[in-house]
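Protein chains: 2
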Amino acid sequence: MSKNNTASGKGNNLDPWYGNYAARAAGLAASEVRALFAVASRPEVVSLAGGMPFVSALPKDLVIDAMNRVMEEQGPTALQYGSGQGVPLLREQILEVMALEGIKANVDDVVVTTGSQHALELVSKLFLDPGDVVLAEGPSYVTAVVIFKSYQAITEHVAMDDHGLIPESLREHIASNKAAGKRIKFLYTIPTFHNPAGVTLSWERRIEILQICRSEGILVLEDNPYGLLYFGEQPPSALRSLESEGVVYLGTFSKTLAPGFRVGWVLAPHAIREKLILANEAAVLCPSSFSQLVISEYLKTADWKGQIDTFRGVYRERKEAMLSALTEYLPDLTWTDPAGGFYVWVTLPDYLDSKQMLPRAVTELVAYTPGTAFFGNGDGRNNMRLSFCYPTPEAIRLGVRRLSTVVNAELDLLETFSATGPLSASGGRGSSEGPPPNLN
Amino acid sequence: MSKNNTASGKGNNLDPWYGNYAARAAGLAASEVRALFAVASRPEVVSLAGGMPFVSALPKDLVIDAMNRVMEEQGPTALQYGSGQGVPLLREQILEVMALEGIKANVDDVVVTTGSQHALELVSKLFLDPGDVVLAEGPSYVTAVVIFKSYQAITEHVAMDDHGLIPESLREHIASNKAAGKRIKFLYTIPTFHNPAGVTLSWERRIEILQICRSEGILVLEDNPYGLLYFGEQPPSALRSLESEGVVYLGTFSKTLAPGFRVGWVLAPHAIREKLILANEAAVLCPSSFSQLVISEYLKTADWKGQIDTFRGVYRERKEAMLSALTEYLPDLTWTDPAGGFYVWVTLPDYLDSKQMLPRAVTELVAYTPGTAFFGNGDGRNNMRLSFCYPTPEAIRLGVRRLSTVVNAELDLLETFSATGPLSASGGRGSSEGPPPNLN
Chain S
0 MSKNNTASGK GNNLDPWYGN YAARAAGLAA SEVRALFAVA SRPEVVSLAG
50 GMPFVSALPK DLVIDAMNRV MEEQGPTALQ YGSGQGVPLL REQILEVMAL
100 EGIKANVDDV VVTTGSQHAL ELVSKLFLDP GDVVLAEGPS YVTAVVIFKS
150 YQAITEHVAM DDHGLIPESL REHIASNKAA GKRIKFLYTI PTFHNPAGVT
200 LSWERRIEIL QICRSEGILV LEDNPYGLLY FGEQPPSALR SLESEGVVYL
250 GTFSKTLAPG FRVGWVLAPH AIREKLILAN EAAVLCPSSF SQLVISEYLK
300 TADWKGQIDT FRGVYRERKE AMLSALTEYL PDLTWTDPAG GFYVWVTLPD
350 YLDSKQMLPR AVTELVAYTP GTAFFGNGDG RNNMRLSFCY PTPEAIRLGV
400 RRLSTVVNAE LDLLETFSAT GPLSASGGRG SSEGPPPNLN
Chain G
0 MSKNNTASGK GNNLDPWYGN YAARAAGLAA SEVRALFAVA SRPEVVSLAG
50 GMPFVSALPK DLVIDAMNRV MEEQGPTALQ YGSGQGVPLL REQILEVMAL
100 EGIKANVDDV VVTTGSQHAL ELVSKLFLDP GDVVLAEGPS YVTAVVIFKS
150 YQAITEHVAM DDHGLIPESL REHIASNKAA GKRIKFLYTI PTFHNPAGVT
200 LSWERRIEIL QICRSEGILV LEDNPYGLLY FGEQPPSALR SLESEGVVYL
250 GTFSKTLAPG FRVGWVLAPH AIREKLILAN EAAVLCPSSF SQLVISEYLK
300 TADWKGQIDT FRGVYRERKE AMLSALTEYL PDLTWTDPAG GFYVWVTLPD
350 YLDSKQMLPR AVTELVAYTP GTAFFGNGDG RNNMRLSFCY PTPEAIRLGV
400 RRLSTVVNAE LDLLETFSAT GPLSASGGRG SSEGPPPNLN
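Protein chains in written order, with numbering that gives the first Met the number 0: chain S, 0 to 439; chain G, 0 to 439.
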């Protein structure tokens, strides 16, 4: 079909446009999590893989009431294009939400986006040239790593432990990149109830990491979808509460209300915010007026803080179900104990490969996300992410029991075929015993 | 703040991150249309500038009913994440919409996007490397030119006349670019009821342009937001109805239903579609489930074709009001006579500058979009786009009358200060008289 292709010798008879894609398109490969969504949708499979919030805990009347009032009172506005920055009243309300995590900001510095995912895309489009480096925890959020790669940037993973990102590792990565003449464009971090690691950056480290970034001139991209979903005490305040000029903060209604609206936001220093509005307009003209007004009406009239309390209770119970099932069925593994959020990060013995094991798990009707999905460099082979957000406590127990069948069968197989007893190579312990596991 | 900046000597004390943006960020400048939105929102100004559909012609009960049924019957699905490709039932219904314009397609090849704007962004992200060339009509859609620039591509404008894009000009641009060793990534075209030119590509030219692109290996990006909004006879079928492997087609519900939902779509050849799904997931995870289900329910239960008829009647009346006001108040200018859509393209005498004239127009309480906004190269100085979609026929008459005051004052001013009588340099005619104006 395409002469361009034929001429360049890059033709591909399955795709006549093969030779025409941008260089960055090579970074847009299907993720492991994506393939899992298809598997996990079969009803007989207990999926501990996806990160879907349990939206059924949201009384639908609250949403219906808000929708109807919006259409009755502001119908033409809800149906029309709006500004590229987002609805002013909603941006005021977003300030109230962020105030719960210690953030003081100006309404002018908030830009509403199509989920916080799109904020991440816009920030990446704005900052990343090919060959640039992004520092991120190891492991990190799957689709962040995909975006950085799609802008031809390199994600370097900074080591973390049970207290979050390790400042010394951050210093080393900055030094080695500067020595190599590479440009670090930002540190991407999920300090609170990390996805997928399930850990939270300590207060002391928050201060230290901000000091490092400030003195090294590194912008911080703080992604905070889970901060309000704590199970016990409130976590340390957001990084953005400590530093405004050096932090771009991403928030979302996907976990505290519902993801189906696709409404998130970015809070950015003045000049960056101005460019993000232009990037938002170029990408979608404006975020959905309808979604924004429904959320604004919900925040105005419903007990949204009480609803977040309800979500906290739901997820706390599910996390406890998961940890007690892990202790019961897989006592030889290690895992993190999240104080909020959606995820537990499990470490298998070194010689197990969670990706190779996955088809067997699906045969046993349980799904999880293999650890390698959360790294840009192939690490995480003997890790897996278990999500407790969506399945009921009973399903979680069942899922972990099925998982134990798979893991134990793998271990038996290895014991049978290996000269050295594999179990002797790794002291089994729960995360509450012994030193914190290094997650990198 | 940033050592990187200081070191590179690109620091800017107004923006500490000035030196950190990607090269492509330079393309994200505020458009002329953007600044106008602020002006046009003042209620005393008659805005002939924006492209807002008249959503008040949509009975709000139709939307309220659809919303309520969705929440009652599919609440948890509407509130949840969905697939990156979009809701299957909605994609089936989109096939029915496209069938009205002669398009036959497979449901698997439709990807739902956050407005067709986002489809344009995703296609650009997928195809455009720095220095690539995009061919587009001159003038072209403002925010398309902005997107191409934001991916560091060069927009080259192909000449058009009252029958749309001129095939011979397309051939010349292809030849000159190939001779210069430049890569043309696609032809971006709005063949039907062009924005801003208001003209429609003839049937004969559709066939010829597809033949040219096929033989030259140029992908066609067909943007068709207005095709169903015809005032008389139905326009020629979509380019995509004639050619499936070489055309990527963009559609939207923004003009036939409402833009506030931000739901559009892209229909693409198999391999491109697959990559667009991945790009969509990276950018927004999924389009809004809620918006998609409401539209799907509306299409299932409401007389959506009858509603499009209603819109046709509304816009036909407004176009007629605009053309008769132009004939009455500005008989010396030329303009296009659109057979559908939202826009009239007006040509002023050569020596008038529509951008310089705009502040005076706003003082007279009328706004329009200067022609230069629709070119990437500074052309269009003596053109303006007038939109008849949003204001009432009475407001349109008032707006054009105010505009005539401004134009005539400019002409008087020039006559006073110029030795040669400016009016003698340009024979005044309406578009129905004389040869079609060349819009480039």
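Yeah, the Cβ is synthetic: ideal placement off N, Cα and C, and Gly gets one too.
Computed from a predicted structure; not experimentally measured.
The three-state secondary structure of I189/S, taken from DSSP, is coil. For V62/G, the residues of chain S that pass the 8 Å Cβ criterion are M70, G74 and L78, in the order they occur in the chain.
For chain G, the residues of the segment 208-239 of chain S that bring a beta carbon within less than 9 Å of one of its beta carbons are R213, S214, E215, G216, I217 and L218, in chain order. By the neighbour-count definition (other C-beta atoms within 10 Å, threshold 16), G81/G is a buried residue.
Per DSSP, the beta bridge partners of W344/S are R384/S.
Collapsing the DSSP output to three states places D331/S in coil. Not a single C-beta of chain S is nearer than 9 Å to the C-beta of K254/G. If you look at D411/G, you'll find it isn't in any beta strand (DSSP E); it sits in the alpha helix (DSSP H) that goes P392 to F416.
For W303/G, none of the residues of chain S pass the 9 Å Cβ criterion, the least Cβ distance being about 15 Å. For E95/G, the enclosing alpha helix (DSSP H) covers residues P87 to A98. Distance from the CA atom of S46/S to the CA atom of E273/S, rounded to whole angstroms, is 41 Å.
In the structure shown, the three-state DSSP call for L220/G is strand. At least one C-beta of chain S is nearer than 9 Å to the C-beta of I271/G.
Taking C-beta separations shorter than 8 Å and ignoring five residues to either side along the sequence, the partners of P52/G in its chain run S253, K254, A257, P258, F310, F341, C388 and Y389, following chain order. Not flagged as an interface residue toward chain S: W264/G, since no C-beta distance is shorter than 9 Å. In the same chain as S149/G, and ignoring 5 residues on each side of it, the C-beta atoms closer than 6 Å to its own belong to R23, G26 and L27, in chain order. When DSSP states are grouped into helix, strand and coil, G163/S belongs to the strand group. Taking C-alpha positions only, F126/G is separated from Q151/G by approximately 11 Å. Interface criterion met: the Cβ of S288/G is under 9 Å from a Cβ in chain S. Not a single CB atom of chain G sits nearer than 9 Å to the CB of H172/S. In this structure, the straight-line span from the alpha carbon of W303/G to that of S295/G is close to 11 Å. Against chain S, the beta carbon of Y20/G has neighbours under 8 Å at L125, F126 and K274, listed in chain order. With a cutoff of 9 Å on beta-carbon distance, L249/G and P224/G are scored as near each other.
In the structure shown, V198/S adopts coil according to DSSP, grouped into three states. With a threshold of 16 other beta carbon atoms within 10 Å, E414/G falls short and is exposed. If you draw a 10 Å sphere on the C-beta of F260/S, you find 16 or more other C-beta atoms in it, and that means buried. Taking 9 Å as the CB threshold, E280/S lines the interface with chain G. P235/S sits close to T199/S, with the two beta carbons spaced by under 9 Å.
With a cutoff of 9 Å on beta-carbon distance, L134/S and I173/S are scored as near each other.
P138/S is bridged by DSSP to nothing; it lacks a bridge partner.
Around L57/G, the beta-carbon contacts reaching into chain S at under 7 Å are L78. Note that the C-beta distance between V141/G and P195/G is below 9 Å.
Straight-line spacing of the CA atoms in G137/G and E280/G works out to 33 Å. By the Cβ neighbour-count rule, L412/G is exposed, with fewer than 16 other Cβ atoms within 10 Å of its own. Collapsing the DSSP output to three states places E72/S in a helix. DSSP places E363/S outside any alpha helix (DSSP H), giving it a letter other than H or E.
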